[in-house]
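Report on one structure; see the data block that follows.
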Amino acid sequence: MGAAASAVIVFAYQAATNFLPIFGAILSDALWGRFLTISLTLFACTIGSVLLWLTTMVQTLVAEDCGNEDQNSQCCHSPTTLQLFVLLTSLVFLSIGASGVRPCSLPFGVDQFAHWSGTRKDRALKVLFSWYYVSMGGSAIISITLIVYLQDKLGWKIGFAISVAIMALATFLNIVTSPLYIKVKPQKSTWLSLVQVIFVAIRNRHIQFPEVGSGLQYHNPGGLEVLVPSRKMRFLNRACVLRVHTDRSNTEVLNDNSWNVCTVDQVEDLKRTLSVIPMWSAMITSLLIQQASFRVLQADTMDRRVGTTKFQMPAGSIAIFEVITFTLWSGCFDRFMLLVVQKITGREQVLSHKQKMGIGVLFSIASALAASAVEAFRRKQAIRQGLENNIYGVVNMSALWLAPQCVFAGLTSAFGSIGQMEFYYAELPKTMSSLAMALLPLAIGVANIAGTMIVKLIKVITARGGRIGWLPDNLNQGHYDYYYFLLALLGMAGFIYFVACCYWYEEPAPIQLVEPQEDETDGI
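My numbering numbers the first residue of the sequence shown as 72 and each following residue consecutively.
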């Protein structure tokens, strides 16, 4: 396939794997439960892997290898309809698999400790989260090094066969170990209650709020505590105001039908859900900087030999520095560094979730600035060596100069991405924990789209009037350093927005007004 057509397919696949988890999370939390969602989507992953493998094994499904020939030449035939159908179907099944596995894996692990309590549960969850992050980084290391190496040396058949074997094993183990798991039932009422709050708040938009201190005017069923809703997003408080109506016997009674009035807890749950949206949007700029990088193209024009050996690192493997940084930091921070900092400061919680997110944004800015500086130096070296018009020329400069920006990108994930997941999981209702895990992939998908739009916009604006522009195919003729500096400026604006969101953000919590005293005479 041509570069443009293949890029469209890859982009569509990446978008699907990032946007579909939000739907998988809703189905998991409201209808299927996490175990069933994981099981079904594991089967989808396995089917997708098998279909992708078949495109290298079955002769009628194997597209013609054009080698170095022009894709438009008569000697090179385009893939048949059947070949394209099987390829796209495999990617669809893989995307469906990601929609359930991504948002549900960690919450399902948390469910296994549902019957624990106190410090024992807290310690267990810290270990679980730590190992989850390490497994994410470790799997990425294996995929971009070992599996890619085997694909390069032994061919696509062996490479995809390994992926099929891994998926089949994971699916088999999930079924065999099913009796050992604790399976928490989905809470359909959680999502329905959020819809009810919005509906009732709109329906009651004309009613007056009760007087300050009159907590009995708010709906608090079945509890001894009388709560009043917080003042954040006050318009939603109308949903839990009790209204009096007259029945057939002309007796005034309170209307507590669920579609006429909601509880204070329901209103506060919706407020918590809406309150994370500004914080979520503030983190998109840091993810955009990570996604909109051209370091693979840069590495392809640099000396990729490792030390004095003849081994040449693949350009695509430059991301190994980012993944290793993320894996080591996320695995070691809670176990070693956090304990040292706790002893020095004497505080149990050294960094809050929002502080971790803020540090992640700062590291993303550092990554963009480092990329801009290295690219400016690389381009100067290329011009000095007379490679300005040579798109395939290799600059006498080690590709390891790209390592610092990759390390900063890894620290961005270690602080920013992990901080986001922990923040969403802590702030959202526990019955919506799958949604909490799906918000990060959703932000990555939005960042991908935003990054693509920014690149196209820069190309159009800077290439007007027949100019080369900032981002030509030949890196030696462009100004990719300007592009990275622009990303750093966007990151700084995003950090200012993030600080403003932190200042504005206050976790909504109902206010305990009074505790009704039990009367000795009538028990009321």
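Using N, Cα and C, we set each Cβ at its ideal position, and we do this for glycine too.
Margin query: According to DSSP, simplified to helix, strand and coil, what is Leu122?
Written below: helix
Next item on the list: Would you mind sorting Lys342 into buried or exposed? The rule is 16 or more other CB atoms within 10 Å of its CB.
Entry: Answer is buried; the Cβ neighbour count reaches 16.
Next item on the list: Mind reading off the beta-carbon distance from Pro292 to Thr334? Whole number of angstroms is fine, and I expect it under 8 Å.
Entry: 6 Å
Next item on the list: Look at the alpha carbon of Asp193 and the alpha carbon of Phe486, and state the distance between them as a whole number of angstroms.
Entry: Cα to Cα, the separation comes out at about 20 Å.
Check: Considering only residues of the same chain and omitting the five flanking positions on each side of Asn89, which have a CB-CB separation below 6 Å?
Finding: Counting only Cβ-Cβ distances below 6 Å, and skipping sequence neighbours, we find Pro512, Ile515 and Gly516.
Notebook entry, point to check: Is the beta carbon of Leu221 less than 8 Å from the beta carbon of Ile213?
Noted result: no
Check: Is Thr502 near the ligand ATP, with its Cβ less than 7 Å from a heavy atom?
Finding: Questions concerning the ligand ATP fall outside what the structure shown contains, since it holds no ligand whatsoever.
Check: Would the beta-carbon of Asp182 fall within 8 Å of that of Val255?
Finding: Cβ atoms of Asp182 and Val255: closer than 8 Å.
Notebook entry, point to check: Which stretch, first to last residue, makes up the alpha helix (DSSP H) that contains Met492?
Noted result: Ile489 to Glu498
Check: Since Thr356 and Gly565 are thought to touch, with beta carbons under 8 Å apart, how far apart are those beta carbons, to the nearest angstrom?
Finding: 3 Å
Note to self: Going by DSSP in three states, Tyr463 sits in which element: helix, strand or coil?
What the structure shows: coil
Margin query: Just to confirm my understanding: we take Asn321, look at its own chain, exclude 5 residues before and 5 after, and list those with CB closer than 6 Å. What are they?
Written below: Because the pLDDT of Asn321 is 42, which lies under 50, any placement of that residue in the model is unreliable, and the question is left without a value.
Check: Do you know whose CA, among Ile253, Ile454 and Ala470, lies nearest His550's CA?
Finding: Ile454
Item checked: Sub-8 Å separation of Gly226 and Gly171 beta-carbons -> No, Cβ-Cβ distance for Gly226 and Gly171 is not below 8 Å.
Next item on the list: With DSSP as the reference, label Asp374 as helix, strand or coil.
Entry: Residue state for Asp374 is assigned as strand, using DSSP reduced to three classes.
Notebook entry, point to check: Roughly how many angstroms lie between the CA atoms of Phe231 and Glu459, to the nearest whole one?
Noted result: 39 Å
Notebook entry, point to check: How close, in whole Å, do the beta carbons of Ala442 and Gln476 come, if the pair is a contact with beta carbons under 8 Å?
Noted result: 4 Å
Item checked: Contact belief for Tyr204 with Gly402 at Cβ below 8 Å, rounded distance in angstroms -> 7 Å
Notebook entry, point to check: Which term fits Gly596, buried or exposed, when burial requires 16 or more other beta carbons within 10 angstroms of its beta carbon?
Noted result: With the chain covering 72 to 595 only, the question about residue 596 has no answer from this structure.
Notebook entry, point to check: Under a three-way DSSP split, which group does Met354 fall into?
Noted result: coil
Next item on the list: Please name the residue, chosen from Met304, Val271, His277 and Lys303, that lies closest to His290 on a Cα-to-Cα basis.
Entry: In this structure, Val271 is the residue among Met304, Val271, His277 and Lys303 with its C-alpha nearest to the C-alpha of His290.
Next item on the list: Find the nearest neighbour of Phe434 within the set Met354, Ser201 and Gly189, judged by alpha-carbon distance.
Entry: Nearest Cα to Phe434 within the set Met354, Ser201 and Gly189: Met354.
Note to self: Here's the rule: buried if 16 or more other CB atoms are within 10 angstroms of the residue's CB, otherwise exposed. What is Ala518?
What the structure shows: buried
Notebook entry, point to check: In the structure shown, what three-state DSSP assignment does Arg319 receive?
Noted result: Low confidence applies to Arg319: its pLDDT is 46, below 50, so where it sits in the model is not reliable enough to give any reading.
Next item on the list: Leaving out five residues on either side along the sequence, give the residues of the same chain with a beta carbon under 6 Å from the beta carbon of Phe164.
Entry: Ala115, Ile118 and Gly119
Next item on the list: Reducing DSSP to helix, strand and coil, say where Val324 ends up.
Entry: Reliability of the predicted coordinates at Val324 is poor, the pLDDT of 43 falling under 50, and no value is obtained from them.
Next item on the list: Using DSSP bridges, identify the partner residues of Ser469.
Entry: Asp374
Checklist line | Option in Ile109, Trp103, Gly562 and Leu499 with minimal Cα separation from Leu345 | finding: Leu499
Notebook entry, point to check: Alpha carbon to alpha carbon, what distance is there between Leu132 and Gln258?
Noted result: 44 Å
Check: Helix, strand or coil: how does DSSP classify Leu298 here?
Finding: strand
Item checked: Own chain, CB closer than 8 Å to Met563, minus 5 neighbours either side, in chain order -> Beyond the five residues adjoining it in sequence on each side, Met563 comes within less than 8 Å, by CB distance, of Ile436 in the same chain, given in chain order.
Item checked: Three CB pairs or more closer than 8 Å across the region 533-552 and the region 121-135 -> no
Notebook entry, point to check: Straight-line CA distance for Glu140 to Leu510?
Noted result: Its pLDDT being 49, under 50, Glu140 is placed unreliably by the model, and the measurement read from it follows with that caveat. In this structure, the CA atom of Glu140 is about 43 Å from the CA atom of Leu510.
Note to self: If contacts are defined as beta-carbon pairs under 8 Å, then Asp552 and Glu446 qualify, I think. What distance do you get, rounded to the angstrom?
What the structure shows: 4 Å
Margin query: Quick check on DSSP: helix, strand or coil for Gln288?
Written below: In this structure, Gln288 counts as helix in the three-state DSSP scheme.
Next item on the list: Quick one: measure Cβ to Cβ for Leu113 and Ala241, integer angstroms, because I've assumed they're closer than 8 Å.
Entry: Sure, about 6 Å apart at Cβ, within 8 Å.
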